[in-house]
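Below is one structure; the comments refer to it alone.
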Amino acid sequence: MFKVAARVAEKHGKGAILVMKPFYEKEIFDHKLQGALDRLKARIYTKVKDLDVEFAPSAEPVRFADRLNLTYKKIVPGEKWGGLFDCAWFHLTGKADPSCAGKKLVLLIDLNGEGCVYDKNGSAVRGITCVNSEYDRSLGLPGKRVLQFAGKSNGGETVDLWIDAGCNDLFGILRENGTLKQAELAVVNDKARDLYYDYWVLLDFLKATDRDTARYSQILIALNEVGNLLYTYDDGELDRCAEILSVQLKKKAADTGLKLYATGHAHLDLAWLWPLRESRRKALRTFSTAMEMFDRYPFYILGVSQPQQFEWVKREDPALYEKIKQKVKEGRIEPQGAMWVESDLNVTSGESLVRQVLYGKKFWREEFGQEVKTAHLPDVFGFSGALPQILAKSGVDSLITIKMSWNKFNVFPYHTFNWRGIDGSEVLVHMPPEGTYNSAIAPRSVAAAEKKLSRPGLVRQRFNPVRDRRRRRRAGQRAFGTLEADRQPVGAFARRARVHARIDRRNQEGPRQIENL
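Going by my numbering, the first residue of the sequence shown is number -5, and it counts up by one from there.
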């Protein structure tokens, strides 16, 4: 490069001004780096064979015990199995090949609908959803299509899987005309998978980083180097790429003094774009999936805010409910909603809201022995001025919400404050500064939350509810460096926030008081 510059200077004279165009242009950023990520993703799973699939359709759900009374017929990917909100039982069978011996195996299942996998005793063990669901893709892909099968295959495992399915996506929409999309046995390359998420985190971090910084250039160069190295995707190559990225992942940025509380949650509308019976089935899919996440990720914590969901599970699947109770005892599941459901607050009467809290707290106390003091209302579209009085006099002293930040014209200025109601009662309110309850828990999520956080010297800590992007969080914690990440329940944040509120009030700098919102 310097020889070229010397020749240019010699040609144009000593007074020439040499203008060098940056090598890393936006086109490379958008295409080359994303292309490397896409190629990595394609190497995570290698198909071994298609599974044999039979299904039995029905207009309404059929219980596990009655599934054998249905009439089954064969189906292959691309064939239609139902219309919107139709139901079916799927039976998937197959056998691993000797070539799979010693390898990690998974099942890749996409029904273009939602489904729940059951064990031989009729208990839910895992939910699945279609990949092409109507969903905000900036939060990540919605599809739960990967089922763990064999950690180390002996080359002869038998697949015998039962799935209770609904022909609708997450938002009650028919996808690809209700056709079966995928049912495969596949080998998983964990090294490619780990490298994919490390690369994904750094690429996302790059998009949230100032281009005119050394950190930006260093990450860009590392990502580009990995993209250039990826060719054979063998273990040695993947190890070398992981080593390159680990240098950037281990770095920390300046200490902001802020702390991030990360608690998973499943925001499940009990009545919205689907029949009520789908809400019940969604609860089974959600909590059975959570059980698998608890086993795979020991740091995972799930917040649950609506006793009605657990009431359904208790009635429909007692075995799953007992697992839930055990996880509550272990502190892995946090009851955090003091109301029976995440209630509407616009048209609901005061009497109804009182009963919401009465029966919600009663359920948590009788079923789990816990006194819940935090209300969780992330998705309500308005607030009654009587709510602080109702909550405070019911023993609820904190509220997590968010929808006031979803405003096109008026920006709500505070994130943590005391809300004073009509009668003077107060409740501590926190609105996650990222401005959503659907956090991708990506670098851009942390950057947005830090930027939006008002009065950072006052709000020492904060809570950020997130969906369970577990691997991204684990890699992201190493990459962000801007905040100390802590996997804690919401209650831990609320308790610390209340302590700080009392201290700040004594110093006459307490959280803002908002009267009669």
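For every residue, glycine included, the Cβ atom is placed at its ideal position computed from N, Cα and C.
Item: Helix, strand or coil at arginine 472 [DSSP, three-state]; Value: Confidence is the limiting factor: at arginine 472 the pLDDT is only 36, short of 50, which leaves the residue's position unreliable, though a coordinate-based value still follows. Helix at arginine 472.
Item: Buried/exposed call for isoleucine 416, threshold 16 Cβ in 10 Å; Value: exposed
Item: Distance, glycine 325 Cα to leucine 262 Cα; Value: 21 Å
Item: From Gly376, Leu164, Lys321, Lys276, residue whose alpha carbon lies closest to that of glycine 297; Value: Lys321
Item: Delimiting residues of the alpha helix (DSSP H) encompassing cysteine 235; Value: 229 to 243
Item: Environment of phenylalanine 17 [buried if 16+ CB atoms lie within 10 Å]; Value: A caution first: phenylalanine 17 carries a pLDDT of 48, below 50, which makes its placement in the model unreliable, though a value can still be read off. Burial call: exposed.
Item: Which of helix, strand or coil DSSP assigns to threonine 410; Value: strand
Item: Rounded C-alpha distance that separates glycine 150 from proline 92; Value: 6 Å
Item: DSSP three-state assignment for isoleucine 318, whether helix, strand or coil; Value: helix
Item: Same chain only: Cβ atoms within 7 Å of lysine 308, ignoring 5 sequence neighbours per side; Value: Tyr315
Item: Pair within 9 Å by beta-carbon distance, glycine 527 and glycine 109; Value: Residue 527 falls outside the range modelled here, since the chain spans only -5 to 511, and no answer is possible.
Item: Identity of the residue in Cys81, Leu62, Ala36 nearest proline 269 by Cα; Value: Cys81
Item: 6 Å Cβ shell around arginine 517 - same chain, five flanking residues per side excluded; Value: Any property of residue 517 remains undetermined from this structure, which presents the chain solely from -5 to 511.
Item: When Ser147, Asn218, Ile435 are compared against histidine 25, the one with the closest alpha-carbon; Value: Asn218
Item: Opening and closing residue of the beta strand (DSSP E) in which proline 51 lies; Value: 46 to 52
Item: Spatial neighbours of phenylalanine 406 in its chain, beta-carbon cut-off 8 Å, leaving aside the 5 residues before and after; Value: Met398, Ser399, Met425
Item: Simplified DSSP state of aspartate 188, which is helix, strand or coil; Value: helix
Item: Neighbourhood of glycine 354 by C-beta, 6 Å cutoff - its chain only, sequence neighbours within 5 removed; Value: Pro301, Ala332, Met333, Trp334
Item: Sequence-distant residues of its chain with Cβ nearer than 7 Å to lysine 317 (five each side left out); Value: Met285
Item: Opposing strand residues paired with threonine 368 [DSSP bridges]; Value: Ser392
Item: C-beta contact flag for tryptophan 83 and serine 52 at 9 Å; Value: yes
Item: Cross-strand partners of glutamate 178 (DSSP beta bridge); Value: Asp44, Leu102
Item: Per-residue DSSP class, three states only, for valine 56; Value: coil
Item: Limits of the unbroken alpha helix (DSSP H) element including threonine 152; Value: Not the alpha helix (DSSP H): threonine 152 falls in the beta strand (DSSP E), residues 152 to 160.
Item: Where the alpha helix (DSSP H) containing threonine 173 begins and where it ends; Value: First-last for threonine 173: undefined, no H or E at that position.
Item: Runs of beta strand (DSSP E) lying entirely within the stretch 244 to 302, each at least 3 residues, in chain order; Value: 253 to 259, 296 to 298
Item: Own chain residues within Cβ distance below 6 Å of arginine 274, not counting five before or after; Value: Trp306
Item: Alpha carbon of serine 240 to alpha carbon of aspartate 158, nearest angstrom; Value: 42 Å
Item: Reduced DSSP secondary structure (H/G/I, E/B, other) of cysteine 124; Value: coil
Item: Neighbourhood of lysine 97 by C-beta distance below 6 Å, restricted to the same chain and skipping five residues each side; Value: Ser147, Val181
Item: Glycine 166 and leucine 267 closer than 9 Å at C-beta; Value: yes
Item: Between the CA atoms of serine 337 and valine 348 - distance to the nearest angstrom; Value: 11 Å
Item: Extent of the continuous beta strand (DSSP E) run through phenylalanine 97; Value: One point to set straight first is that residue 97 is lysine, not phenylalanine, in the sequence displayed. It is not in any beta strand (DSSP E) - lysine 97 carries neither H nor E in the DSSP assignment.
Item: Rounded distance between the beta-carbons of leucine 78 and cysteine 161, thought under 8 Å; Value: 6 Å
Item: Three-state secondary structure assigned by DSSP to valine 13; Value: Unreliable positioning characterises valine 13 in this predicted model, as indicated by a pLDDT of 45, which lies under 50. A coordinate reading is not provided.
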